[in-house]
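Student: If you scroll down you'll find the structure; I have some questions about it.
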Amino acid sequence: MSFPWAKHYAPKQPLMRWLDEKLPVPRLVYNAVGAGYPVPRNLNYFWNFGVLAGAALSIQIITGIVLAMHYAANGGVAFGSIESIMRDVNAGWFLRYAHANGASMFLLVVYIHIGRGLYYGSYKAPREMVWLLGVVIFLLMMATAFMGYVLPWGQMSFWGAQVITGFFSAIPVVGETIRIWLLGGFAPDNAALNRFFSLHYLLPFVTAGVIILHIWALHIPGSGNPTGVDVKGEQDTVPFHPYYTAKDAVGLGVFLLVFALLLFFSPNLLGHPDNYVEANPLSTPAHIVPEWYFLPFYAILKSFTADFILPAKLWGVLAMFGSILLLFFLPWLDSSPIRSANFRPAYRKFLAILLLDLFVLGYVGGAEPRPWVILMGQIASAYYFAHFLIILPIVARTERPRPLPNSITEAVLAKHAGLGPHKSAMAS
Amino acid sequence: MASVDNMVPPGESAEPFHDHEPDPRRRDFINIAAVAFAGVGAVAIVLPLINQMNPSADVLAQSTTELDLSKIAPGQAIKASFRKQPLFVRNLTPQEIAAANAVSLSELRDPQSLAERTKEGKNNWLITLGVCTHLGCVPLGAGEGENRGPFGGYFCPCHGSAYDTAARIRQGPAPKNLTVPEYVFTSDTTVTVG
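Structure, rendered in structure tokens:
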């Protein structure tokens, strides 16, 4: 699709040739993820995670559709229907645990995928649109994950819904009206549960649609690579199939092993015991925590404890949404023309600090609000914003990058110094 | 018209007659009118789609709650349910009333006196929603032996908001005092909320 030396689809089989004339779907697949898509030859295993995210979404859609055949979205019976899936439905426990842990696996691979993008500068020109669509996918995933967590109608489900819809009541004047409109009542109840189920079923397909746009936007400039240097000629690329289909299959195997460990040996590791207690609108669990993948954002929300011009609550909600919306501006906040952090010594260090900062935020998000925890959360939240709004623009202007290789091929050959490409392939 | 972008010289324009036509043309007017009318129709269809999300009639119907206060001893509190939300009813002790009145309004985030938050002559009956004004958790403090927080009123375990004995916000992220719903004393020991 992207380079003139891309292989052309030429079916030999008469049936395939007939199909190609009428409805060229095999041609589309060939050009998108087949031999017709030339990809830089030097991709490392971090480039597996896009495909892994796609696999995780497929697992979620398949298990989700099956679970919907046994689940009832009614406040009176929802909790019971989940228990019946766990106890009575054939292989129901497997499907539900796969869906619940599949969500964690999906978020995990997407976080690594985003991290790959931050490290290797995947958000920079000419791939800004790929990044922007990626942030949209991330937002859709978060909405879907939240609404899915409400469906079992346990204590954490209910109070999670209460807290998250409570964000909207922070909006001045119309906030409370919007909250009641979203819930269809004064507190989460049947109306809310039903609409969450409807949207939880819908959004994954919307996500799949945006993923198609994400891949489309990627295929116009073509994939990036660990050096961040542009593809200069045919010697810099290999066809996606069989080279990266094989490499992705290795990654998929590892992904499925980790998934299986979680699913079969510790299916409740990432869940919360309070969600095995049925929703009770009159009793808040002693300690409400979201799922692990929302903890850093929850920590930012909790960090605002004093009014400053606006109420503390509104600041918290603005900062939490802002921390994600900020990512939309990343391609323009980082003006450095060097993509890969391998050649940006200062950026690389600050990125490592940001990663640490996110782990601190994750800890704070799950911890009880003691004074030193709140202070730590405030410092870590401030650093998160400082990284993107202050450090990144300054580093991009002042940093002296290391010399870039002249081409992908040169970088690959330098790694295997003294060996030609064919010999190195045999040696490894 | 010829320009830098369009190198057709003047007088040889491909569409010479357009200069004499009124702008918008009659045909444009019909187009605009038709699309605008369809737009009005689309908006009319969107309205019920938005409105269906609002609380339905059966949800709105559960709007009042009757309470019997005779069993609540001073210092004690109960949790009731009002519009499917928790309702705190608390019989304040004289010390708690004094503590609430000792606070000067200027140091409050949401300045209100205890008298404004209770009924005249019934200052000991503090009736509020049990919904933290931060993000809607149920604060602790209404049940026996629950943590009442540093100000002796209610304490929200979710994000650490602390309320005083008049259920006013004193510390933490919540912006407002616990909401006092509309209610009337129908007798000395019964109230109707809502």
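Going down the list, the protein sequences come from chains U and Z. So the number in the numbering used here is just where the residue sits in the first sequence, counting from 1, plus 821. So the number in the numbering used here is just where the residue sits in the second sequence, counting from 1, plus 19. Cβ atoms here follow ideal geometry from the backbone N, Cα and C, with glycine treated the same way.
Please compile the residues from chain Z whose C-beta is within a distance smaller than 7 Å of the C-beta of W1002/U.
Tutor: Counting from one through the first sequence, the residue named residue 1002/U turns up at place 181. Within 7 Å Cβ-Cβ: M72 and N73.
Student: Is any beta-carbon of chain Z found at less than 8 Å from that of M1247/U?
Tutor: The count along the first sequence starts at 1 and reaches residue 1247/U at position 426. Because the pLDDT of M1247/U is 44, which lies under 50, any placement of that residue in the model is unreliable, and the number read from its coordinates should be weighed accordingly. False, the Cβ-Cβ gap to chain Z never drops below 8 Å.
Student: Just verifying my parser: in three-state terms, what is the DSSP assignment at L86/Z?
Tutor: In the second sequence, the residue the question calls residue 86/Z occupies position 67. Residue state, collapsed to three classes: strand.
Student: Alpha carbon to alpha carbon, how far is K1134/U from Y944/U?
Tutor: Along the first sequence, read from residue 1 onward, the residue named residue 1134/U stands at position 313. Along the first sequence, read from residue 1 onward, the residue named residue 944/U stands at position 123. Their backbone Cα atoms lie some 32 Å apart in a straight line.
Student: Would S100/Z count as contacting chain U if we go by Cβ distances under 8 Å?
Tutor: Translated into positions along the second sequence, residue 100/Z becomes position 81. S100/Z counts as touching chain U.
Student: Would you tell me roughly how many angstroms separate the C-alpha atoms of I1145/U and F1209/U, rounded to the nearest one?
Tutor: As a working note, residue 1145/U is residue 324 in the first sequence. As a working note, residue 1209/U is residue 388 in the first sequence. Going by the C-alpha atoms only, they are around 11 Å apart.
Student: I'd like to confirm the pairing. Which residues does DSSP put opposite L878/U in its beta bridges?
Tutor: Residue numbering aside, residue 878/U sits at position 57 when the first sequence is read from its first letter. DSSP, once it has assigned bridges, lists no residue as partnering L878/U.
Student: What residues of chain Z sit near I1109/U, judged by a beta carbon separation below 8 Å?
Tutor: On the first sequence, position 288 is the one that residue 1109/U refers to. Ordered by position in chain Z, the residues that pass the 8 Å Cβ test against I1109/U are C156, P176 and C177.
Student: Name the chain Z residues whose beta carbon is nearer than 9 Å to that of A1012/U?
Tutor: Here residue 1012/U corresponds to residue number 191 of the first sequence, with the count starting at 1. M72, P74, S75 and V78, listed in chain order.
Student: Could you pull the DSSP bridge partners for E201/Z from this structure?
Tutor: Translated into the one-based positions of the second sequence, residue 201/Z becomes position 182. The partner list for E201/Z (beta bridge, DSSP) is empty, contrary to what the question assumes.
Student: What is the residue span of the beta strand (DSSP E) that W144/Z lies within?
Tutor: The count along the second sequence starts at 1 and reaches residue 144/Z at position 125. Counting along the chain, the beta strand (DSSP E) containing W144/Z begins and ends at W144 to L148.
Student: Any beta carbon of chain U sitting closer than 8 Å to that of H39/Z?
Tutor: Here residue 39/Z is taken as the residue at index 20 of the second sequence, counted from 1. False, the Cβ-Cβ gap to chain U never drops below 8 Å.
Student: Tell me the DSSP secondary structure of P845/U in three-state form.
Tutor: Taking the first residue of the first sequence as position 1, residue 845/U is located at position 24. Looking at P845/U - three-state DSSP - the assignment turns out to be coil, as it is neither helix nor strand.
Student: Could you tell me the alpha carbon to alpha carbon distance between T1066/U and V995/U, rounded to whole angstroms?
Tutor: Sequence index remark: in the first sequence, residue 1066/U carries index 245 (1-based). Sequence index remark: in the first sequence, residue 995/U carries index 174 (1-based). Approximately 51 Å between the Cα atoms of the pair.
Student: Verify the CB distance criterion: does M20/Z have a CB-CB separation below 8 Å to chain U?
Tutor: Locating residue 20/Z in the second sequence gives position 1, counting from the first residue. Only weak support exists for where M20/Z lies, its pLDDT of 47 falling under 50; the value from the coordinates is given anyway. It does not; no Cβ of chain U falls within 8 Å.
Student: Using a beta-carbon distance cut-off of less than 9 Å, what residues from the segment 114 to 133 of chain Z approach chain U?
Tutor: Here the close residues are R128.
Student: Would you give the residue range spanned by the beta strand (DSSP E) that L106/Z belongs to?
Tutor: Residue mapping note: residue 106/Z aligns to position 87 of the second sequence, counting from 1. Residues Q104 to N110.
Student: What's the C-alpha gap between A1248/U and H1040/U?
Tutor: Reading the first sequence from its first residue, position 427 is the one you call residue 1248/U. Reading the first sequence from its first residue, position 219 is the one you call residue 1040/U. Residue confidence is low: A1248/U scores 43 on pLDDT, short of 50, so the model does not pin down where it sits. Its coordinate-derived value is still stated next. Computed Cα separation, rounded: 32 Å.
Student: To the nearest angstrom, how far is it from the Cα of S123/Z to the Cα of E139/Z?
Tutor: For the purposes of this step, residue 123/Z is taken as residue 104 along the second sequence, with counting starting at 1. For the purposes of this step, residue 139/Z is taken as residue 120 along the second sequence, with counting starting at 1. Approximately 20 Å, taken between the alpha carbons.
Student: Kindly examine the ligand HEM and report whether one of its heavy atoms sits closer than 7 Å to the Cβ of H934/U.
Tutor: Looking for the ligand HEM in the displayed structure turns up nothing, as the structure carries no ligands at all.
Student: Could you name the residues of chain Z that D1128/U contacts, counting a contact when the two beta carbons are closer than 9 Å?
Tutor: Looking up residue 1128/U in the first sequence gives position 307. Here the neighbours are R128 and P194.
Student: Can you pull the DSSP bridge partners for Q190/Z?
Tutor: If you number the second sequence from 1, residue 190/Z lands on position 171. DSSP lists A181/Z as partners of Q190/Z.
Student: Grab me the residues of N1089/U's own chain with a C-beta within less than 6 Å of its C-beta, minus the 5 sequence neighbours each way, in chain order.
Tutor: In the first sequence, counting from the first residue as 1, residue 1089/U sits at position 268. The answer is none, since no qualifying residue turns up.
Student: For the beta strand (DSSP E) containing V1075/U, list its first residue and its last residue.
Tutor: Against the first sequence, residue 1075/U aligns to sequence position 254. No beta strand (DSSP E) holds V1075/U; the alpha helix (DSSP H) holding it covers T1066 to F1086.
Student: Just to make sure I have the definition right: I need the residues of chain Z whose C-beta is within less than 7 Å of the C-beta of G1186/U. Which are they?
Tutor: Counting from 1 along the first sequence, the entry for residue 1186/U is found at position 365. Here the premise fails: no neighbours, minimum Cβ distance about 11 Å.
Student: Please list, in chain order, the residues of the segment 965 to 985 of chain U that have any C-beta partner in chain Z closer than 7 Å.
Tutor: Residues W980, Q983 and V984.
Student: So A1133/U contacts chain Z; which residues on that side make the cut at Cβ distance below 7 Å?
Tutor: Locating residue 1133/U in the first sequence gives position 312, where the first residue counts as 1. By Cβ distance, chain Z contributes P192 and P194.
Student: If I'm right that L961/U touches V1031/U with Cβ under 8 Å, what's the distance once you round it to whole angstroms?
Tutor: Here the question's residue 961/U lines up with position 140 in the first sequence. Here the question's residue 1031/U lines up with position 210 in the first sequence. L961/U to V1031/U, Cβ: 7 Å. Contact.
Student: Using CA coordinates, which residue listed in V108/Z, N50/Z, A119/Z and A52/Z is at the minimum distance from F10/Z?
Tutor: The first residue shown for chain Z is 20 and the last is 213, placing residue 10/Z beyond what the model contains.
Student: Which chain Z residues sit within Cβ distance under 8 Å of P1117/U?
Tutor: Along the first sequence, read from residue 1 onward, the residue named residue 1117/U stands at position 296. The contacting residues do not exist; P1117/U stays about 16 Å from chain Z at best.
Student: To be precise: take each residue of the segment 85 to 110 of chain Z, compare its Cβ to all Cβ atoms of chain U, and keep it if any distance is under 8 Å. Which residues remain?
Tutor: Going along the segment 85 to 110 of chain Z in chain order, one finds K98, S100, R102, K103, Q104 and P105 with a Cβ nearer than 8 Å to chain U.
Student: Could you spell out where the beta strand (DSSP E) holding A1235/U opens and where it closes?
Tutor: As a working note, residue 1235/U is residue 414 in the first sequence. Unbroken run through A1235/U is the alpha helix (DSSP H), I1229 to K1236; no beta strand (DSSP E).
Student: Could you check whether F1061/U and G813/U sit closer than 8 Å to each other, using their CB atoms as the reference points?
Tutor: Residue 813/U lies beyond the stretch modelled for chain U, which goes from 822 to 1249, so this question has no answer here.
Student: Taking 8 Å as the threshold (beta carbon to beta carbon), is K833/U in contact with chain Z?
Tutor: What you label residue 833/U is simply residue 12 of the first sequence in a count that begins at 1. K833/U does not count as touching chain Z.
Student: Quick one: Cα of A966/U to Cα of H1021/U, how far?
Tutor: The count along the first sequence starts at 1 and reaches residue 966/U at position 145. The count along the first sequence starts at 1 and reaches residue 1021/U at position 200. A966/U and H1021/U: Cα-Cα distance of roughly 8 Å.
Student: Is it buried or exposed, Y866/U, if we count other Cβ atoms within 10 angstroms and call 16 or more buried?
Tutor: The residue labelled residue 866/U in the question sits at position 45 within the first sequence. Y866/U should be labelled exposed.
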